[in-house]
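J.: First the structure, then my questions, so here it is.
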Amino acid sequence: MESEYDMIALTETFLTSSVSYGELFPPGFHVVRKDRPGDCGWGGVLLAIRDRYNVKIVTDIVSMTDDKELIFAIVTFKNVKVLCCVVYLPPNYKDEQYLNVLTCIENVICTYPDLNVLILGDFNLNSCSTNIKTSFDFFCEFCSLKQYNTVLNNRGGMLDLVLGNFEAKQIVVSLSEDPLVNIDQYHPMFDINITFPGFWIASSVSSLQQVTPRSDTNTDWNWRKADFQGLYRTLIEIDWSDLLTISDINCAVQLFYDKLYEIINLFVPIKKQLSNNQRYIYPNWYNVEIIKNIKTKHFHHKQFKKEGKEFNKAMFIYYREKFKKLIDCEYRKYMTVLQKNIIDDPVQFWKYVKEKKNNRRYIDTYIYENTAVTDQAAADAFAKYFASVFHAEKPVLNPDTAAKAAYAHIHRDVTSVSITTVDENDLKKVVRRLKPRSAGGPDGIPVFLVKDCISVLFCICIIFH
């Protein structure tokens, strides 16, 4: 997803249970959705929030039934909690159904009277009876809600509303200049900027820069840019004779890794990986040019919002079109390679499938021993279960006890396993069984390097002996 919205609300999603969250959003989002019952592929609502914010799904709702297309979530932006609701009311709703939905929303607001409220959705008031329009006005007055949207659709009407209990200066609704989906003549996409004292809550690009991103990163070797000729040549020249003078196994292992890491660092550059709590996580098929265009596009969008210069607007439109073409081109290349290599490299295919089926929905209720548990009770249930499958007594690792157990096979039918020596051929046999694309161990050494260089890493035999 190329957008930098902190929160995205969608109505009439037309989703069914066959569409997973991973197909809709990249990693980095909490996704809450309600599809129309029966997998009919119509209606439906969805709310996606960046995972740097805490999200609690509201399920204890009075008068809530499966036929109501609305969702509630409490989103914590730093120290401010906002009760968010996304709702879709079809134009063919009967008066009784419409009133039931309003009553349901009213009940939730009354349950959380101290929270800020933000209600987004398609209310279709134009097709409602006069009684319903009057009831809607009473509903807004009772819940102290105001309507902030002023964006009209192409027909001069307004079906989508933005309701809340904010001060007028806190919230700004404007027509989106970079819509996520194709423009609908009845439902234009709009941006919502909400401000709170001391910081911004961003629902659009213009306010994102107010939040300082974390600087946490994890380092790793970038093997794609490694100098393998220099690396392999230097590994062959390593002098392992020092290991022969060390009797302590821990010191020998430490020396082994010190020399190995020193050489790897000389020929393999370090790359930075985004940690899970950082701002944006891009799909793995995004290249440097795409990411650069994203940043340039958003820069000009921000400048246009700030200064209103036509130059920035023109550059924003240019980079937006260029960005979309790059995305389409690279994604097609990625899918082509994935399909061609499905026989030779099926791991990448199943990795892609797994990502698409990844369910990132926030779960707040669990079933333990046929009882629903939440919050602290859920944590206690997990602790109780894991405690039941572990032994309280710590295992004793005593060489004398092991020696006695080995000797016992003389008097009892006990099998004793003894490894007296390990040579280079043994190492080669074991390494030959390793899969080239297996993940590296905790030392970070990739499997392909071990397979390629096992002949020069014979020092492992010295360490064992």
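Each residue of the sequence shown is one higher than the one before, starting from 1 at the first, in the numbering used here. Note that CB positions come from ideal geometry on N, CA and C, so glycine has one too.
Who are the near neighbours of Phe316 in its chain, counting only those whose CB is closer than 7 Å to its CB and skipping five residues on each side?
T.: If you ignore the 5 residues before and after Phe316, its C-beta comes within less than 7 Å of the C-beta of Lys297, His300, His301, Phe304, all in its own chain and listed in chain order.
J.: Tell whether a beta-carbon distance below 8 Å holds between Val55 and Val87.
T.: no
J.: Determine the burial state of Leu434: buried for a count of at least 16 other Cβ atoms within 10 Å of its Cβ, exposed for fewer.
T.: exposed
J.: Rounding to the nearest angstrom, what Cα-Cα distance links Asp160 and Asp137 in this structure?
T.: Computed Cα separation, rounded: 16 Å.
J.: Measure the Cβ-Cβ separation of Val80 and Asn116 and say whether it is below 8 Å.
T.: yes
J.: Since Lys322 is in the alpha helix (DSSP H), which residue starts that stretch and which ends it?
T.: 310 to 340
J.: Go to His187, then tell me how far its beta strand (DSSP E) extends in each direction, as first and last residue.
T.: No beta strand (DSSP E) contains His187, which DSSP labels as neither H nor E.
J.: Please report how far the alpha carbon of Phe123 lies from the alpha carbon of Val162, in whole angstroms.
T.: 10 Å
J.: By the three-class DSSP mapping on this structure, what secondary structure does Gly22 have?
T.: helix
J.: Measuring straight from C-alpha to C-alpha, what distance separates Leu260 and Asn284?
T.: Answer to the nearest angstrom: the Cα atoms are 29 Å apart.
J.: Alpha carbon to alpha carbon, what distance is there between Glu23 and Ser17?
T.: 12 Å
J.: Residues in the same chain with beta-carbon distance under 7 Å from Leu341, minus the five sequence neighbours each way, listed in chain order, please.
T.: Reading off the sequence, residue 341 comes out as Asn, not Leu. Cβ neighbours of Asn341 beyond the five flanking positions: Gln348.
J.: Check each candidate in Met158, Val447, Val288, Tyr5 and name the one with the smallest Cα separation from Leu125.
T.: Across the set Met158, Val447, Val288, Tyr5, the C-alpha of Met158 shows the shortest separation from the C-alpha of Leu125.
J.: Between Gly44, Cys329, Tyr352, which lies nearest to Gln339 when the distance is taken from Cα to Cα?
T.: Tyr352
J.: Return the chain-ordered list of same chain residues with a C-beta closer than 7 Å to the C-beta of Asp466, the five sequence neighbours on each side being excluded.
T.: Shown here, the chain extends from 1 to 465; a query on residue 466 therefore has no answer.
J.: Confirm, please, whether the CB-CB distance from Ile263 to Leu231 is below 8 Å.
T.: yes
J.: Three-state secondary structure (DSSP) at Ala226?
T.: coil
J.: For Asn276, does the count of other Cβ atoms within 10 angstroms reach 16, so buried, or fall short, so exposed?
T.: Note that Asn276 has pLDDT 47, beneath the 50 cutoff, so the model's placement of it is unreliable and no number is given.
J.: Measuring alpha carbon to alpha carbon, tell me which of Val62, Thr103, Pro27, Leu70 ends up nearest Gly11.
T.: Note that residue 11 is Thr in the sequence shown, not Gly. The shortest C-alpha separation from Thr11 is found at Leu70.
J.: What's the C-alpha gap between Leu99 and Tyr282?
T.: 42 Å
J.: Helix, strand or coil: how does DSSP classify Asn293 here?
T.: Asn293 falls in the helix class under three-state DSSP.
J.: Which residues mark the beginning and the end of the beta strand (DSSP E) in which Val74 is found?
T.: The residue asked about is misnamed: residue 74 is Ile in this sequence, not Val. First-last of the beta strand (DSSP E) with Ile74: 70 to 77.
J.: Does DSSP put Arg33 in a helix, in a strand, or in coil?
T.: DSSP, reduced to helix, strand and coil, places Arg33 within a strand of the structure shown.
J.: Could you check how far apart the C-beta atoms of Glu424 and Cys453 are, in whole angstroms? I think they sit under 8 Å.
T.: 12 Å between Cβ atoms; not a contact.
J.: Taking just the CA atoms, how far does Val447 sit from Val456?
T.: 15 Å
J.: What number of angstroms, rounded off, separates the C-alpha of Arg432 from the C-alpha of Ile445?
T.: 16 Å
J.: What is the DSSP secondary structure of Ile343, reduced to helix, strand or coil?
T.: Three-state result, Ile343: coil.
J.: For Ala9, which residues does DSSP report across the bridge?
T.: Leu47
J.: Tell me whether Asn293 is buried or exposed, calling it buried when 16 or more other Cβ atoms sit within 10 Å of its Cβ.
T.: buried
J.: According to DSSP, Leu244 sits in a beta bridge with which residue or residues?
T.: Bridge partners of Leu244: none, in fact.
J.: How about Thr150 and Val173: are their beta carbons less than 8 Å apart?
T.: yes
J.: Check for me: the beta strand (DSSP E) holding Tyr88 runs from which residue to which?
T.: 80 to 88
J.: If you count every other CB in all the chains shown that lies within 10 Å of the CB of Val337, and 16 or more means buried, which is it?
T.: exposed
J.: My guess is that Val268 and Asn222 are in contact by the Cβ rule of under 8 Å, so how many angstroms apart are they, rounded?
T.: Rounded, the Cβ-Cβ distance is 7 Å, consistent with contact.
J.: By DSSP's criteria, Thr371 is part of a beta bridge. Which residues make up the other side?
T.: Tyr368
J.: Using three-state DSSP, classify Pro449 as helix, strand or coil.
T.: In the sequence as displayed, the identity of residue 449 is Leu instead of Pro. Helix.
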